[in-house]
Structures are given as C-alpha cells and as structure tokens.
Amino acid sequence: MEAAETSVEMVTEVVNRKRENLSFTCYLCGMHEFYTHYGKGSRARDSKLEYKEDVFMLNNPFLPADTKPENCLVPFLVLGGTCNECEKTVCVDASCSIFCHKRYCLSCVKLHEDKFPEAVVKECLKREATKDPPQ
Numbered sequence: 001m002e003a004a005e006t007s008v009e010m011v012t013e014v015v016n017r018k019r020e021n022l023s024f025t026c027y028l029c030g031m032h033e034f035y036t037h038y039g040k041g042s043r044a045r046d047s048k049l050e051y052k053e054d055v056f057m058l059n060n061p062f063l064p065a066d067t068k069p070e071n072c073l074v075p076f077l078v079l080g081g082t083c084n085e086c087e088k089t090v091c092v093d094a095s096c097s098i099f100c101h102k103r104y105c106l107s108c109v110k111l112h113e114d115k116f117p118e119a120v121v122k123e124c125l126k127r128e129a130t131k132d133p134p135q
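Counting from 1, one number per residue, gives the positions in the sequence shown under UniProt numbering.
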C-alpha cells in the first residue's frame with residue numbers, strides 16, 4: 001500500500017510542477033491563469049487562427065471537452081503575451097497592453113512615448129484614464 005501512495009504523491013508532484021511551469025501572470029493587473037499553448041498559433045494546423053506574436057493561450061473553456069480545434073472558430077482564448085520593451089508578461093486587457101506591430105505594456109508606452117506614434121500614445125493615455133482603481 002505504501003508504494004502506491006508514494007506513486008500517487010510522485011504523480012501529483014509532477015502534475016503540480018508542470019502546472020507551475022504553465023502559469024501565466026500579468027505583471028500589471030495580476031491576472032493569473034494556467035495556459036495550454038504558447039506561440040504564434042500553437043497547433044496552427046488545428047486552428048484557423050494564426051497570430052502575429054507569440055501568445056499564451058488557453059483551451060476555450062466554453063466548448064465541450066471533446067470539440068476538435070479544427071471544428072470551431074475559436075478553439076483557444078488568448079491570455080496575453082510578452083512586452084516587446086521590458087519582456088514582462090502582460091495580458092491583452094485594454095488597461096494593460098496594446099498591440100502596435102508588437103505587444104507593449106502601457107507602462108512602457110508611457111515611459112517611451114517618443115518611440116510610438118502619437119495616436120498610440122493618446123490611446124494608451126485614454127485607456128489609463130478609464131482604468132478601474134485597484135481594490
């Protein structure tokens with residue numbers, strides 16, 4: 001009986017370690033989720049979508065578990081990506097990041113305003129002004 005318990009504990013430890021390695025956290029808002037795919041379109045052969053950046057994706061939880069990716073329009077939900085400037089992970093929420101040829105966190109856009117088109121800077125400032133205060 002002891003060997004079986006040890007075996008279960010080892011499997012549980014491996015699963016937990018793997019989940020930690022597949023963990024996405026937005027450094028701005030703290031949104032935390034486990035992702036299932038990373039890339040421009042991980043499993044792109046199964047999906048109709050391909051992204052211009054490497055993104056963290058999650059299997060669409062609103063689909064039945066037995067749905068094949070090639071049989072639905074949105075098989076994955078995009079959680080976020082990596083800021084091209086500071087290299088921190090950031091979610092796709094409008095109050096955290098913007099995609100302008102590449103993904104940038106709003107902090108970097110504000111910090112390096114001179115590197116971005118004026119329209120992008122204005123959009124980021126507008127987003128920041130409408131952001132909910134921390135609770």
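Built from N, CA and C at the ideal position, the CB exists for glycine as well.
Since we're looking at a predicted model, the values are computed, not measured.
- Measure how close the beta-carbons of E50 and K40 come, nearest whole angstrom, since I'm counting them as under 8 Å. Here the question's residue 50 lines up with position 50 in the sequence shown. Here the question's residue 40 lines up with position 40 in the sequence shown. The Cβ separation is near 6 Å, so the contact holds.
- Would you identify the three-state DSSP class for K102, choosing helix, strand or coil? As a working note, residue 102 is residue 102 in the sequence shown. K102: strand per DSSP, three-state reduction.
- Query: What is the residue span of the beta strand (DSSP E) that L77 lies within?
  - Reply: Within the sequence shown, residue 77 is the residue found at index 77, counting from 1. Per DSSP, L77 belongs to the beta strand (DSSP E) from 76-82.
- Task: Could you pull out every residue in the same chain whose Cβ sits closer than 6 Å to the Cβ of E121, ignoring the five residues on either side in sequence?
- Result: Numbered from 1 along the sequence shown, position 121 holds the residue referred to as residue 121. One detail in the question is off: residue 121 reads as Val in this sequence, not Glu. Contacts found: E113.
Margin query: Tell me the rounded alpha-carbon separation between K126 and T25.
Written below: Taking the sequence shown and counting its residues from 1, one reaches residue 126 at position 126. Taking the sequence shown and counting its residues from 1, one reaches residue 25 at position 25. Looking at the two C-alpha atoms, the distance is approximately 24 Å.
Tell me which residues share the same chain as C86 and place their Cβ nearer than 8 Å to its Cβ, disregarding the 5 neighbours each side in the sequence.
Here residue 86 corresponds to residue number 86 of the sequence shown, with the count starting at 1. These residues qualify, in order along the chain: C105, S107, C108.
Inset, instruction - Determine the direct distance from the alpha carbon of S97 to that of P61, and round the result to whole angstroms. - result: Within the sequence shown, the letter at position 61 stands for residue 61. Within the sequence shown, the letter at position 97 stands for residue 97. Approximately 23 Å between the Cα atoms of the pair.
- Are V74 and C83 close, meaning C-beta to C-beta below 9 Å? Translated into positions along the sequence shown, residue 74 becomes position 74. Translated into positions along the sequence shown, residue 83 becomes position 83. No, Cβ-Cβ distance for V74 and C83 is not below 9 Å.
Next on the checklist: Comparing C-alpha positions only, which one of K68, D66, N59 sits nearest to Y35?
Outcome noted: As a first step, residue 35 must be located in the sequence shown, where it is residue number 35. Here the closest residue by C-alpha is N59.
- Query: Over what stretch of residues does the alpha helix (DSSP H) that includes E128 continue unbroken?
  - Reply: Within the sequence shown, the letter at position 128 stands for residue 128. Taken as a continuous stretch (DSSP letters only), the alpha helix (DSSP H) holding E128 covers 118-129.
Report task. Would you decide whether L79 is buried or exposed? Buried here means 16 or more other CB atoms lie within 10 Å of its CB. Result -> Along the sequence shown, read from residue 1 onward, the residue named residue 79 stands at position 79. Classification for L79: buried.
Output the distance between the C-alpha atoms of C124 and F76, rounded to the nearest integer angstrom.
Residue 124 sits at position 124 when you count from the first residue of the sequence shown. Residue 76 sits at position 76 when you count from the first residue of the sequence shown. Cα to Cα, C124 sits roughly 26 Å from F76.
Note to self: Measuring alpha carbon to alpha carbon, tell me which residue in H101, D93, K102 is nearest T130.
What the structure shows: Counted from its first residue, the sequence shown places residue 130 at position 130. Here the closest residue by C-alpha is D93.
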